[in-house]
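Just below is one structure, and these are the notes that go with it.
There are 2 protein chains.
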Amino acid sequence: MAKKHIVIVGAGFGGMAAVKALKRADADVTLIDRTNHHLFQPLLYQVATAALSPSDIATASRALLRRQKNVTVIMGRVTGVDAKDGSVSVMNTPDIPFDYLVLATGAAYSFFGKDRWAADAPVLKSLADALAIRERLLGAFEWAESHADQQEISRMLTFVVIGGGPTGVELAGTIAELSRSTLARDFRHIDPASARIILFEAGPRLLSTFPERLSNYARTTLQKLGVEVRTGTPVDEIDGEGLAAGTERIETTNILWCAGTAARPAAEWLGAEPARNGAVKVLDDCSVLGHPNIFAIGDVSSFAGENGRPLAGLAPVAKQQGAYVGRLLKARIAGEPSPGPFRYRDFGTMAVIGRSRAVADLGWCQLTGFPAWLTWSLVHLMLLVDFRSRLMVYINWSWAWFTYGRGARLVTRAEHGVGPTSREPT
Amino acid sequence: MAKKHIVIVGAGFGGMAAVKALKRADADVTLIDRTNHHLFQPLLYQVATAALSPSDIATASRALLRRQKNVTVIMGRVTGVDAKDGSVSVMNTPDIPFDYLVLATGAAYSFFGKDRWAADAPVLKSLADALAIRERLLGAFEWAESHADQQEISRMLTFVVIGGGPTGVELAGTIAELSRSTLARDFRHIDPASARIILFEAGPRLLSTFPERLSNYARTTLQKLGVEVRTGTPVDEIDGEGLAAGTERIETTNILWCAGTAARPAAEWLGAEPARNGAVKVLDDCSVLGHPNIFAIGDVSSFAGENGRPLAGLAPVAKQQGAYVGRLLKARIAGEPSPGPFRYRDFGTMAVIGRSRAVADLGWCQLTGFPAWLTWSLVHLMLLVDFRSRLMVYINWSWAWFTYGRGARLVTRAEHGVGPTSREPT
């Protein structure tokens, strides 16, 4: 009898955990991802702000899985699933049949139906996104240095971050430090510290999933760093010239979108009824209703937690679900009893605000300031996927901590003029 | 009296050396470059082959010059020079007037009049070029792994390097090692070691500027690594499907161009008569005939050496000329006697062929094999521009040496299908 074939779509935290849990399974495993790497997304904002290089937080998936001989890694873009016949369609590649399918395709950002905003408010999801944002941030200061029109300069040096969740808070804090510390002494005509950084949040407070005390700490700390925080202020309109929110109109070309997320289109592929954010609703073993051989994990899935509310889109949820589904499939193929239903073990959440400043809600205690930052740093170093990444991130962080410098301040693609009106390539 | 204003175009080895030599000059200095960084070009092929990250060999120019208060750094693309009025045109930016001008704009690759080849045979000059080549190299193996058509697979796994100078030799050797060592155990369906690597050189031998013994060593070493070397074989035609050379037709989409160079259009800007490769002919103080206040250094200039032949386009030539012109201008502005004519001090040339293999012609001795490679490694580590780059390159090299791994194996942009017929984005 041929071995069972398990196809896993997505090499993020969920997919990678599932693959690793299948190490000793008597099955052939195929991992498909649109890129060739596993990305440590929690540090992606540091690539966008020139503190880290892409290779510090991303590693070729097939290099990570070199020794796991039952896995084939395929780089390709999945475009659909034939649940009935059991096959996955991949763009420009023959269909791939499966006995079991694990969907771990994650989430993208949602513009709440205003998709036209996407062109003027880039998101931060992939390495390519991070590099584009880095070019935009650094390019704005470069442009300002060679121009004289004060109005245009202040427009170029106004940075707006939309969304007061962890990513928005981290980005706003880091941009403030970039302008106040790293770049401060490098320019002759402009004062980088005069850059305006404005953080918009539609809800009443930052970090809404954290305890209120930590939200308040985040707000105060960001304000000390020079960030203008606008809570309770949904954005009404974004265009190529700026944005409107409440009674305010802000002229800028530097808008970063860190607001709502939407699951990638896996529910559509399966013809399954999606949850509110488009995610696939799953049963308590992470399988999709009506498809006992198809599982969805991480941000693409909607799993009802103990309080009945869906689990949040966090890396630990994806990792635990991936490991769970891997164990479940291994047992099922071996004819062993299945594990019980999936249960999420919550070890807490953290968000970093700036140099030596963070918040951590560990459930049994709440940390702020340096202790939170130290905890955050150590935990993230440990979670990095291999020794090489840990070493590189450790060196870069140490370097930045002592020198306030950032090693990856590169504008690699802008060989043309950078500026508010010059988007033409040459 | 206002201070004299010196404009330097190009932040490569020449321009940067000129800026640094003007540290104590009583003048305002403006450095203009199309990118925001100084790039250590001799190691660019290692970025293209995933051994190093861009930030390892490139550093923001304004960070390097932070403490030199008489320098303003401008990121912009120079489009012309008004020699009569003394001003430089920069795209999308007001003109910049100068009292003295130093052109250090370097060279681009030349396709010997066949400019249509450029689309199918990318060159390696900038970080953006290196990243595009990295995507193409790694993407070819990724594509092959998910396809079954043997003919298409061998087409995808055929890599052609055109030009047997140091860059061509280094690239061909490194691609061979990538396929034979780094990737060897990472694939399940294809054998990366079956990749064909072919190096074409129109002239009779590789490394034509080196002694013949070293050329022969390079050829033998490359062949041992699995590179097919074709000397005396000019390429007749390149198209989207492959290339024709002599009696041979090779089907491939992976062609890298490392052949002839052509100076960037500075001679045109000045209305000066160009040398054979388009470079600006300069007098023995590196100034341009008829323009005593305009200098050209490095690859964009043609300087008659002691034997009457123009100096080669090498980093040490550019650096020494930059330092010379900086000293000359400092003396002239201070009313001190000018230094004598520029003399190039030749410390030798080197080329690396692979892991622990290189050739070095130091004039008083010739090295091959491990001693040459060790010399090459130490010299290049020393020449890197700052401590951070040295540390990062050292760690990456050590890592690669012991593990045969490469840390920067990232396909960051190919979120669409990679393959011979799929160029459409999605």
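Chains A and B, in that order, give the protein sequences.
The working numbering puts the last residue of the first sequence at 426; the count rises by one with no breaks.
The working numbering puts the last residue of the second sequence at 1426; the count rises by one with no breaks.
By construction, the Cβ of each residue, glycine as well, lies at the ideal position given by its N, Cα and C atoms.
Identify the residues that DSSP records as bridge partners of residue i: which are they?
i: B:Y1109; result: B:T1261
i: B:T1158; result: B:R1196
i: A:L103; result: A:V9, A:A296
i: B:L1031; result: B:I1008, B:V1073
i: A:S181; result: Per DSSP, none; premise fails for A:S181.
i: B:G1080; result: B:S1089
i: A:V123; result: A:W257
Residue i to residue j, Cα distance in whole Å?
i: A:S194; j: A:S181; result: 12 Å
i: A:D56; j: A:M392; result: 6 Å
i: B:K1114; j: B:D1236; result: 10 Å
i: A:A244; j: A:I238; result: 7 Å
i: A:G308; j: B:G1139; result: 44 Å
i: B:V1325; j: A:M16; result: 56 Å
i: B:M1382; j: B:W1373; result: 14 Å
i: A:V9; j: A:D33; result: 6 Å
i: B:P1339; j: B:S1126; result: 34 Å
i: B:A1318; j: B:A1334; result: 24 Å
i: B:I1198; j: B:A1050; result: 20 Å
i: B:T1072; j: B:P1054; result: 24 Å
i: A:L225; j: B:Y1109; result: 47 Å
i: A:L311; j: A:H147; result: 49 Å
i: A:G405; j: B:A1058; result: 14 Å
i: A:A447; j: B:L1410; result: Shown here, chain A extends from 1 to 426; a query on residue 447 of chain A therefore has no answer.
i: B:A1128; j: A:N216; result: 43 Å
i: B:A1132; j: A:D284; result: 44 Å
i: A:A172; j: A:V227; result: 7 Å
i: A:A25; j: B:F1187; result: 20 Å
Would you identify the three-state DSSP class for residue i, choosing helix, strand or coil?
i: B:I1190; result: coil
i: A:F295; result: strand
i: B:A1334; result: coil
i: B:E1212; result: helix
i: A:L391; result: helix
i: B:R1116; result: helix
i: B:G1163; result: coil
i: A:S377; result: helix
i: B:L1039; result: strand
i: B:T1368; result: strand
i: B:E1201; result: coil
i: A:K3; result: coil
i: B:A1323; result: helix
Please decide whether residue i counts as near chain B, where near means a Cβ-Cβ distance under 8 Å.
i: A:H5; result: no
i: A:S194; result: no
i: A:R134; result: no
i: A:L138; result: yes
i: A:P94; result: yes
So with CB distances below 7 Å, who are the chain A contacts of residue i?
i: B:W1399; result: R388
i: B:A1058; result: L410
i: B:G1407; result: S55, R388
Kindly say whether residue i, judged by its beta-carbon, lies nearer than 8 Å to any beta-carbon of chain A.
i: B:N1487; result: Any property of residue 1487 of chain B remains undetermined from this structure, which presents chain B solely from 1001 to 1426.
i: B:R1230; result: no
i: B:F1187; result: yes
i: B:L1131; result: yes
i: B:S1179; result: no
i: B:S1154; result: no
i: B:P1427; result: Residue 1427 of chain B is absent from the model: chain B starts at 1001 and stops at 1426.
i: B:A1017; result: no
Run down chain A in chain order and give the residues with a C-beta less than 9 Å from the C-beta of residue i.
i: B:E1142; result: N36, R62, V73, I74, M75, G76
i: B:T1174; result: Residues of chain A passing the Cβ test: none, with the nearest at roughly 17 Å.
i: B:R1264; result: Correct list: empty, because the minimum Cβ distance to chain A is about 12 Å.
How would you list, in chain order, the residues of chain B whose beta-carbon sits under 8 Å from the beta-carbon of residue i?
i: A:I395; result: L1391, M1392, I1395
Using a cut-off of 7 Å between C-beta atoms, extract the partners of residue i located in chain B.
i: A:R66; result: R1185, D1186
Would the beta-carbon of residue i be found less than 7 Å away from any heavy atom of the ligand PLP?
i: A:F347; result: Looking at this structure, you won't find the ligand PLP or any other ligand, since it has none at all.
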